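Q: Just dropping this structure here.
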């Protein structure tokens, strides 16, 4: 699909409340920018507390009085399947919209966003009619049994790096169980979430079941977190925002929360690993989606016997990576999401140099040709990184790789567990006993063995420590 065919149809977007577009109470707008060019794509409504309240009321009415929670589970499942089919039908259009709004490559948006987004609806369509309780034998002349019931109104707050997919991860299980929802997408990348709400409506989801309020976190997000009639918050984002939501829950109605937060994930490679598989996997573990991935393999832990060769080959790949227009099929990495994120990444690179890490490639903004208009960073690799350096401890959320040596299993585990995060990790070895030992020893919600980014709709995803709690995907 030609980009002009999509951009020509872009218009100022409204909120989506009660099954139809709606204007915000304040009349204020938010600019939506193309990060590859810095140009305006369109505007969206700047929703605030009053708009969140309207959306929650619509969701509550749909839950208490509407047909959705009472609908036969098999019928709900059929509607979820149709949502998946509609995402597939409009995959090219949705991927192009995501590409323009986020800067991710078109191929990446098709494969890494839209395909798993449709799959999650297919997956939960089957679970809709298989959610049941159990009969529990008890003493005496009693019948004891449990039922699974919908939570109610679910507030969903998503991040800007995978807008469509993160919304789908939250919406699909909520719909399967009969819940209604109010989604607050990132104000930076709201466009595909609004489109998802329209596709849900087209698939047969009743009015008020799926609502979208665009706006800023301290305004719309805070209002959703504090709303007395929201039963649960499902959140993807930063630790700071998560703390604010926990506080808001405690000061309002003690709503339950699931939090999918950041990571500083270790990718641990032993000398007996298949290096021909591990090198490209380690490369894409950090540079996929410009490094703007909570599960990015941003810490590469290499056994001392293979460190130098591995890093040399990885640096060669990074230097030759095609960075540029995300619409170009040859492009491998697009721009960072915003000027703010660009500055953040460059600040961490500066910190790495100042703390004594060795900058092997990249390390600067890419301003060649048309890239000067956007927010591009060259793929960056550091060596001689110490575990106490900022670039080894803090989430950068960009294409910056910190490589570190280890001598044995004990040191590998110690370095792996040496941050506040515990989202994902990977271990590369041909020794199955070592693989299982490290899988248990590394404190992470997911440990991949001889692969990276092995996501599946059936596999639960979530972290330990300050990477959050609760799980998405799976059952």
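In our numbering, the protein residues as written are 56 to 530. In this text, a Cβ means the ideal position worked out from N, Cα and C, and glycines have one as well. Quick caveat: nothing in here was measured; it's all calculated off a predicted structure.
My output table needs one value for residue 159: the three-state DSSP class, helix, strand or coil.
A: Looking up residue 159 in the chain shown gives position 104. Look at residue 159 here: in three-state DSSP terms it is coil, with no helix or strand label.
Q: What residues are listed by DSSP as bridge partners for residue 523?
A: Sequence index remark: in the chain shown, residue 523 carries index 468 (1-based). In the DSSP output, where bridge partners are listed per residue, residue 523 has 315.
Q: Taking the alpha helix (DSSP H) that residue 398 belongs to, which residues open and close that run?
A: For the purposes of this step, residue 398 is identified with residue 343 of the chain shown, where counting begins at 1. Its alpha helix (DSSP H) spans residues 394 to 409.
Q: Taking DSSP as the reference, what is the three-state secondary structure of residue 85?
A: Start at 1 with the first residue of the chain shown, and residue 85 comes out as number 30. Three-state result, residue 85: strand.
Q: Which residues bound the alpha helix (DSSP H) around residue 105?
A: Counted from its first residue, the chain shown places residue 105 at position 50. For residue 105, the uninterrupted alpha helix (DSSP H) run begins and ends at 104 to 119, by DSSP.
Q: How should residue 266 be labelled, buried or exposed, when 16 other C-beta atoms within 10 angstroms of its C-beta is the threshold for buried?
A: Here residue 266 refers to the residue found at position 211 of the chain shown. Buried.
Q: Is the beta carbon of residue 85 closer than 8 Å to that of residue 95?
A: Within the chain shown, the letter at position 40 stands for residue 95. Within the chain shown, the letter at position 30 stands for residue 85. Result no, Cβ atoms of residue 95 and residue 85 do not sit closer than 8 Å.
Q: Look up residue 208 in the DSSP assignment and give the residues it is bridged to.
A: Within the chain shown, numbered from 1, the residue matching residue 208 stands at position 153. Its beta-bridge partners are 235.
Q: Alpha carbon to alpha carbon, what distance is there between residue 207 and residue 424?
A: As a working note, residue 424 is residue 369 in the chain shown. As a working note, residue 207 is residue 152 in the chain shown. Distance between the alpha carbons of residue 424 and residue 207: 52 Å.
Q: Can you list, in chain order, the residues of its chain with a C-beta nearer than 7 Å to that of residue 214? Leave out the 5 residues immediately preceding and following it.
A: Position 159 of the chain shown, counted from the first residue, corresponds to residue 214. The answer, listed in chain order, is 221, 241, 291 and 292.
Q: Out of curiosity, what's the CA-to-CA distance linking residue 459 and residue 427?
A: Locating residue 459 in the chain shown gives position 404, where the first residue counts as 1. Locating residue 427 in the chain shown gives position 372, where the first residue counts as 1. Straight-line measurement puts the Cα of residue 427 at about 32 Å from the Cα of residue 459.
Q: Nearest to residue 303 by CA position, among 275, 394 and 457, is which residue?
A: Working through the chain shown from its first residue, we reach residue 303 at position 248. If we check each option's Cα against that of residue 303, 275 comes out closest.
Q: Are the beta-carbon atoms belonging to residue 482 and residue 494 less than 8 Å from one another?
A: As a working note, residue 482 is residue 427 in the chain shown. As a working note, residue 494 is residue 439 in the chain shown. Cβ distance < 8 Å, so residue 482 and residue 494 count as in contact.
Q: Go ahead and pull the three-state DSSP assignment for residue 131.
A: As a first step, residue 131 is located in the chain shown; it is residue number 76 there, counting from the start. Correct three-state label for residue 131: helix.
Q: Would you say the stretch 430 to 438 touches the stretch 318 to 334, given that touching needs at least three Cβ pairs under 8 Å?
A: no
Q: Distance check for residue 191 and residue 390, CA to CA, integer angstroms please.
A: To locate residue 390, count along the chain shown from 1; it is residue 335. To locate residue 191, count along the chain shown from 1; it is residue 136. So the two alpha carbons sit approximately 55 Å from each other.
Q: Three or more C-beta pairs under 8 Å: does that hold for the stretch 118 to 135 against the stretch 303 to 312?
A: no
Q: Which one or two residues does DSSP pair with residue 448 in a beta bridge?
A: As a first step, residue 448 must be located in the chain shown, where it is residue number 393. According to DSSP, residue 448 bridges with nothing at all.
Q: Look up residue 480 in the DSSP assignment and give the residues it is bridged to.
A: On the chain shown, residue 480 is found 425 positions in, with the first residue counted as 1. Note: residue 480 sits in a beta bridge opposite 502.
Q: Assign residue 307 to one of three DSSP states: helix, strand, or coil.
A: As a working mapping, residue 307 is identified with position 252 in the chain shown. Coil, per DSSP.
Q: What span of residues does the alpha helix (DSSP H) with residue 248 cover, start to end?
A: The residue given as residue 248 occupies position 193 in the chain shown. Element bounds for residue 248: 246 to 258.
Q: Can you find the residues in the same chain that come closer than 8 Å, C-beta to C-beta, to residue 326, ignoring five residues on each side of it along the sequence?
A: Locating residue 326 in the chain shown gives position 271, counting from the first residue. Here the set comprises 358, 360 and 361.
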